[in-house]
Each structure stands twice: as structure tokens, then as C-alpha cells.
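**Student:** Provided herewith is a single structure, encoded as C-alpha cells, for subsequent inquiry.
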Amino acid sequence: MIIEVTDLRREFVVRRRAGRLRRTRDVVAAVDGVTFGIAPGECVGYIGANGAGKSTTIKMLTGILVPTSGTVRVCGLEPVRERTTLARRIGVVFGQRSQLWWDLPLRDSFRLLGAIHRLPVSMWQPRLDECVQLLEMEPFLDTPVRQLSLGQRMRGEVTAALLHSPELLVLDEPTIGLDLLSKERLRAFLVRERAERGTTVLLTTHDLPDIERLCDRILVVDHGRVAFDGDLPGLVARVGAERVLVVDLAEPGPPLTDVPGTTLRAVEADGLRQHLAFRKEDTTAAAVVAAVSARVELRDLAVHEPAIEDVVRRLYLE
Amino acid sequence: MQAYHALVRSRVAAQASYRASFGIELGTQVLLVLIEFVEVYVVFHQVDSLGGFDFAEVAVMYGLSAVGFGMADMVVGHVDRLPFYVRTGTFDAFLLRPLSALGQLVTSDFSLRRLGRIGSGVVVLVIALAAADIDWTPARALLVLVTPVAGGIIFGAVFVATCTIGFHVVEGMEFANALTYGGNYLSSFPFTIFGTFIRRFFTFVVPAAFVAYLPTLALLGRSDPAGLPTWLSWSALPVSLLAAAAAWWIWRLGLRHYVGAGS
Chain L
76 MIIEVTDLRR EFVVRRRAGR LRRTRDVVAA VDGVTFGIAP GECVGYIGAN GAGKSTTIKM
136 LTGILVPTSG TVRVCGLEPV RERTTLARRI GVVFGQRSQL WWDLPLRDSF RLLGAIHRLP
196 VSMWQPRLDE CVQLLEMEPF LDTPVRQLSL GQRMRGEVTA ALLHSPELLV LDEPTIGLDL
256 LSKERLRAFL VRERAERGTT VLLTTHDLPD IERLCDRILV VDHGRVAFDG DLPGLVARVG
316 AERVLVVDLA EPGPPLTDVP GTTLRAVEAD GLRQHLAFRK EDTTAAAVVA AVSARVELRD
376 LAVHEPAIED VVRRLYLE
Chain C
-17 MQAYHALVRS RVAAQASYRA SFGIELGTQV LLVLIEFVEV YVVFHQVDSL GGFDFAEVAV
43 MYGLSAVGFG MADMVVGHVD RLPFYVRTGT FDAFLLRPLS ALGQLVTSDF SLRRLGRIGS
103 GVVVLVIALA AADIDWTPAR ALLVLVTPVA GGIIFGAVFV ATCTIGFHVV EGMEFANALT
163 YGGNYLSSFP FTIFGTFIRR FFTFVVPAAF VAYLPTLALL GRSDPAGLPT WLSWSALPVS
223 LLAAAAAWWI WRLGLRHYVG AGS
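Here the protein sequences come in this chain order: L and C. The numbering of the first sequence is this note's numbering, which starts it at 76 and goes up by one. The numbering of the second sequence is this note's numbering, which starts it at -17 and goes up by one.
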């Protein structure tokens, strides 16, 4: 096991105003008895709503926070006590905060990280060249980090985390705020990284396609506890995650109750806009669109993917 | 060490890329020292001695303090950005690298513009030393060289110890600045002009008296009118090392609070 977490718990003290001068002191458990293990080479999606305890867990795994109780072992090490040793063996990307030097050209950040990890140039340069080529970073390598777009910066962040060839890569919302193309490029890169080097990956995300493309296992946390541990089809089968096709018709039509594989969820504006829910296993978006346009004249359409939050909420409604 | 060297070099390179603004900041630092010094001069325009010391003698104290503080400010002064780093998550990035967090905080900048303060401090110091009535011996010559270093270490320790407030509360740097900048201001005056509490606090708690006042007594061969033993006047360096050790301990305490191991 590259990550071993047993009965992990982390409390925070929240001080709240209760009246003019009085303050109450509440103890809140952000992580409340989490147990799981991750084997080398796995790619695990760690998902849950905001405030479910994802970031707190990641901070405890990477040595930024001490657990209130329970044990954490990462690469066989105790994260906080052996922080610097662990830092040489893992790579971490926080989507919301940068680990690059904002006032230096991107290239210089990599040079500095090489020095920080005490790697000879011969060790990190080939790795950098590989990432630069795969992530197409050549055009902006000499641009100061503060002038990079979010997508460019994120490619830099991922490269920075991989420069020392870590055994474990931890990604906290790596695709947040990226456009579709950037997301897909990053996913393809991570898929290749795993295939080539067998790097273990733990990632948190709000993006279902991230999980579909990358993860062979999902851990759903809710209220500081593990609510589900398994693969994506297992999760979808359990909660029945649906995609929704929203169609705008050229003129008001009758409710589309007879499209195969779909359920009519809602009808707006006298049938001008209709919501059809369907499951991935039953039919495809293309088939639904074809069936609808055979019945009525279509003006516009949109497909809504199930949001992680919905999946998690359904898990709890059971 | 190599890693820190690379970090500091990158900071220097970043400053060198903005030549015009660097020049202006350097000039500002020189100007600041001159204005502060004019303040001392104005006082002596009204009186012949301050707390039992003449203009040249107080100028020696001012010079020693300015050089010591300037060095500390250049090398570690930017640690007062800790609350900002904590708030923006940069400090977490420090913890994800295989280096000491304090080492990274200290090397997160290297304010070359402070060379202006150090340079003009040295000029004031040299002129004042020539003007003051000092009976030069090898030991006193050595003391003049060691004192600014000790002063730098003392102020550096105060900077580090007070910045850890950023680990405990969000807004607290006003208090930290009162100790660092206040300590600097006090240290450039003869301590005989202060009340007992201030004198004791800035000798035994925040050892600002060792930055300039006590070493100047040793240079002049005088004893402390308030009765501190003479050997203390020669102890700036060991005291500065004690201060550094205390600052390290306070830093550890703050870091443990941040990761949640303490309290």
C-alpha cells in the first residue's frame, strides 16, 4: 500500500460570535474516521461536495496538517514528521494555488525545483523535455509565470510536480477553471504518465469526465466519512446517474414521452423546451437526438452531464 | 545550501530585471537614513549632550544600529510577509518542498535595495567613529567589526520571532512591527534617556541595547550609568546567538501550531 489511512480524524475549532462579547467555541470534525488504502499504480478519484473534507485529507497526506487522531502512512512514511523525505517522493498540484515563482520565467521555476530536489541537471532535464513536448509548453517557457493563462500555468504546475519523478502524484482539482481542450490535454497526459511509469495518482475533482477518463477507483467522502468505495459503473449503478438532453423545439409540441431509453423530466413553455433524462447504458445522446428530430422540428439542444454533487447527493438520499 | 543559493540568486535576478524601480528604491533607502539622521542632528542643535553623550557618540550608536538593522532587513526583513503567504497558500507550497520552511521563507526574497540603508549607515558610522573620542585598541577595533554583525543577528531574530504571529492570528503584524521598527528606533539612542521599564525590556527581552548602546559604551571605555556590568557591553555577539536560538524555538512553536500539532 502506498497510502494507508486508518481511522483518520481531524477537528477544527470554530469560534463564533454569540451575542455582543460572548463567543462560543465549537469543535467541528472536517474528517471523521476515514479508512482506506491505495495500492501502487492505482488511480483513485477522491470526490465529495465542497466542505466534505477532501482538502483536509490531502493536507494530512502531504504533511501540511497533523491528524487529530488515527494514522496516515504515505510511501511508508509519517507525513508531518518525515515531511522533507516524503516531499522528495511525492508530487502535489493544488489547482487553486501556485507552486511556481510568479515573477520568473516558467523555465526558471523548473531549474529552481531541480536545485531544491538536489537533482543533477542530467536527471531532471530529460524529464522536463518530455513534459514540454507532450504538454506543448515550448512557446511559453520563457514567459513569466504571472503572464501565463490558467491552462498554461496548470501545465507548468503538473510538470513541476513530476520533475523529480515521484511515485505518487496528488492532484487537488487539477482541471478546475480550464477550458475543454486544456482539460482533455491534461487528462491525456496523465493517462500516458500512468501507462509509462506506473505512477500512483490520487485526485480530487468536481468533473465527472476527469473520473471517467482517469480513475479506476472512486472514493466518495461526505461529512468527513467514506460513503462509497468502488469503480464508476458501480457508483452509477447504485445511484443511477442520468444525463439530461434539453431540446428547444421550433414550435410548441406535445410532451415527448415516447423516445426510447429516455424519461421525460420536465416540459417548459407549453412544450417549447423539454428535458429528457437517459442513462449511458441504455442509449446514446446521438440516438436520442435522432429519435426526437424524427418526431418534431429541433431548433437547439444541450446535453447536461450528471454533476458529481448530484451523484453524491443521490448516494445520500438512498 | 546549493538549493538556497539558487533561490537567493533567482530573487536577485528578479530585482535586477527592473533596473529603474530598483534605482529609485535604493535612493529612497539612502534618503530615509539621511532623514532619520537629521532628526538626531536637530536634537543636538538644541542641546549639547543627550543622556550624557555628545553628538559624535550618539552618531556612533546611530551608525551601528543603522548598519545592523539594514543587514537584517536585507536578509530576513521580508519574513513579515508570512501572514500573506499563509493566507494565499504559498506557505503550503513551502511545506511541499524538501527544504526547511523557515529557510524558504528567508530566501523568498533578498532585498538588495537595503544596500542603500547599509551603505549610508556605514558612511555615518565611519565619520562618527573618527569624530568620537575613542582610545583605539585591537579589541575595540574588533568590536566595531563584530557589532554590526551581532546587531544584524539580533534584529533578524526579532523579525523571525515576531513574524510567527502570522501563524496564530490573521491580523497581528502591527504588534510585530512595533517590536522590530520600534526596537530599531530605540537602539540608535543612548538608553540613559529611557525609563526603567523600557530600558529593561529592550535589554533583557528584546536585546536592542546590545545592538549599539552597550557596544558604544565599551568603545568609549565608559560604564553604564544604570549599573549594568561592563562585561555585558562586550557581549553583543553571544547575546545575538542566544536571541537567534530563542527565535528558532518561537518559530518551531508557531509552525507546530500551524500544522496543528500543538495546542
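Even glycine gets a Cβ: it sits at the ideal position worked out from N, Cα and C.
Enumerate, from N- to C-terminal direction, the unbroken alpha helix (DSSP H) stretches of 4 or more residues contained entirely within the region 300 to 381 of chain L.
**Tutor:** With a minimum length of 4 residues, the continuous alpha helix (DSSP H) runs that stay inside the region 300 to 381 of chain L are 307 to 314 and 360 to 370.
**Student:** Residues in its own chain within less than 8 Å of L373 of chain L by CB, not counting five upstream and five downstream?
**Tutor:** Closer than 8 Å at the Cβ level, and outside the excluded window around L373 of chain L, lie V322, D323, L324, A325, V364 and V367.
**Student:** In the DSSP assignment, find the beta strand (DSSP E) that holds D91 of chain C and state where it starts and stops.
**Tutor:** Run containing D91 of chain C: none; DSSP gives neither H nor E here.
**Student:** Roughly how many angstroms lie between the CA atoms of C290 of chain L and P335 of chain L, to the nearest whole one?
**Tutor:** C290 of chain L and P335 of chain L: Cα-Cα distance of roughly 31 Å.
**Student:** Taking CB distances under 8 Å as the criterion, tell me whether G71 of chain C reaches chain L.
**Tutor:** Closer than 8 Å: yes.
**Student:** How is the alpha helix (DSSP H) around A139 of chain C delimited, first residue to last?
**Tutor:** That run of the alpha helix (DSSP H) goes P120 to C145.
**Student:** For V342 of chain L, which residues in the same chain have their Cβ closer than 8 Å to its Cβ, ignoring the five residues on either side in sequence?
**Tutor:** P330, R348, Q349 and H350, listed in sequence order.
**Student:** Does S3 of chain C come within less than 8 Å of chain L when only Cβ atoms are used?
**Tutor:** No, no contact with chain L.
**Student:** Please work out which residues of its chain come closer than 6 Å, Cβ to Cβ, to F173 of chain C, disregarding the five sequence neighbours upstream and downstream, and give them in chain order.
**Tutor:** Taken in chain order, the residues that qualify are R181, A191 and Y195.
**Student:** For R95 of chain C, collect the residues of the same chain with a Cβ closer than 6 Å to its Cβ; drop the 5 residues on either side in sequence, then sort them by chain order.
**Tutor:** Contacts found: E7, L8 and Q11.
**Student:** Can you name the residues of chain C whose CB is closer than 9 Å to the CB of G138 of chain L?
**Tutor:** Those within 9 Å of G138 of chain L in chain C are L77, L78 and V241.
**Student:** Please report whether the beta-carbon of A(-4) of chain C lies at a distance below 8 Å from any beta-carbon of chain L.
**Tutor:** So yes, A(-4) of chain C belongs to the interface.
**Student:** Over the uninterrupted alpha helix (DSSP H) stretch that includes D204 of chain L, give me the two end residues.
**Tutor:** Taken as a continuous stretch (DSSP letters only), the alpha helix (DSSP H) holding D204 of chain L covers V196 to L209.
**Student:** Measuring CA to CA, which of L:N125, L:Y121 and L:K134 is closest to G242 of chain C?
**Tutor:** G242 of chain C has its Cα closest to that of L:K134, out of L:N125, L:Y121 and L:K134.
**Student:** Taking the straight line between their C-alpha atoms, what separation do you get for T160 of chain L and S(-1) of chain C?
**Tutor:** So the alpha carbons of these two residues sit roughly 35 Å apart.
**Student:** By Cβ distance below 7 Å, which residues in the same chain neighbour G103 of chain C in space, the five residues on each side in sequence not counted?
**Tutor:** Correct list, in chain order: V15, G45, A48, V49 and G52.
**Student:** Please decide whether D74 of chain C counts as near chain L, where near means a Cβ-Cβ distance under 8 Å.
**Tutor:** Yes, contact with chain L.
**Student:** Between the region 89 to 112 of chain L and chain C, which residues of the former have CB atoms less than 8 Å from a CB of the latter, in chain order?
**Tutor:** Per Cβ criterion, the list is empty.
**Student:** Taking 8 Å as the CB-CB cut-off, is L16 of chain C touching chain L?
**Tutor:** Answer no: the Cβ-Cβ gap between L16 of chain C and chain L never drops below 8 Å.
**Student:** Three-state secondary structure (DSSP) at Y67 of chain C?
**Tutor:** Helix, per DSSP.
**Student:** Shortest alpha-carbon distance to C145 of chain C belongs to which of C:L64, C:F76 and C:L201?
**Tutor:** It is C:L64 whose Cα lies nearest to the Cα of C145 of chain C.
**Student:** Three or more C-beta pairs closer than 8 Å, one from the region 215 to 222 of chain L and one from the region 173 to 185 of chain L: is that the case here?
**Tutor:** With a cut-off of 8 Å, the region 173 to 185 of chain L and the region 215 to 222 of chain L count as touching, because enough Cβ pairs lie within range.
**Student:** Suppose you measure from the CA of S245 of chain C to the CA of D282 of chain L; what does that come to, to the nearest Å?
**Tutor:** Below a pLDDT of 50, predicted positions are generally treated as unreliable, and S245 of chain C, at 42, falls in that range; no measurement from the model is reported.
**Student:** Ignoring anything shorter than 3 residues, give me the beta strand (DSSP E) runs that lie fully in the region 24 to 72 of chain C, in order along the chain.
**Tutor:** Qualifying beta strand (DSSP E) stretches: none in this window.
**Student:** Express the C-alpha separation of L244 of chain L and L237 of chain L in angstroms, rounding to a whole number.
**Tutor:** C-alpha separation (whole angstroms): 8 Å.
**Student:** Tell me the residue span of the alpha helix (DSSP H) that contains L224 of chain C.
**Tutor:** Segment A218 to V241, the alpha helix (DSSP H) holding L224 of chain C.
**Student:** Suppose the cutoff is 6 Å on Cβ atoms and the five residues either side in sequence are ignored; what does the same chain contact list for F171 of chain C look like?
**Tutor:** Taken in chain order, the list of residues that qualify is empty.
**Student:** Just to confirm the assignment, what range does the beta strand (DSSP E) spanning Y121 of chain L have?
**Tutor:** Y121 of chain L -> beta strand (DSSP E) spans C118 to I122.
**Student:** What's the C-alpha gap between T274 of chain L and T129 of chain C?
**Tutor:** About 54 Å.
**Student:** Three or more C-beta pairs under 8 Å: does that hold for the region 299 to 319 of chain L against the region 147 to 154 of chain L?
**Tutor:** The region 299 to 319 of chain L, when compared against the region 147 to 154 of chain L, does not touch it at the 8 Å Cβ threshold.
**Student:** Helix, strand or coil for G226 of chain L per DSSP?
**Tutor:** In the structure shown, G226 of chain L sits in a helix (DSSP, three-state: H, G or I).
**Student:** What does the alpha-carbon distance come out to for the pair G113 of chain C and D30 of chain C?
**Tutor:** Residue identity differs from the one stated: residue 113 of chain C is Ala in this sequence, not Gly. Approximately 15 Å, taken between the alpha carbons.
**Student:** Taking only the alpha-carbon atoms, compute the straight-line gap between L237 of chain C and G138 of chain L and give it to the nearest angstrom.
**Tutor:** Their Cα atoms are separated by approximately 12 Å.
**Student:** How many angstroms separate the CA atom of R340 of chain L from the CA atom of T234 of chain L?
**Tutor:** Looking at the two C-alpha atoms, the distance is approximately 44 Å.
**Student:** Spell out the partners DSSP gives S144 of chain L in its beta bridges.
**Tutor:** Answer is L:R84, bridged to S144 of chain L.
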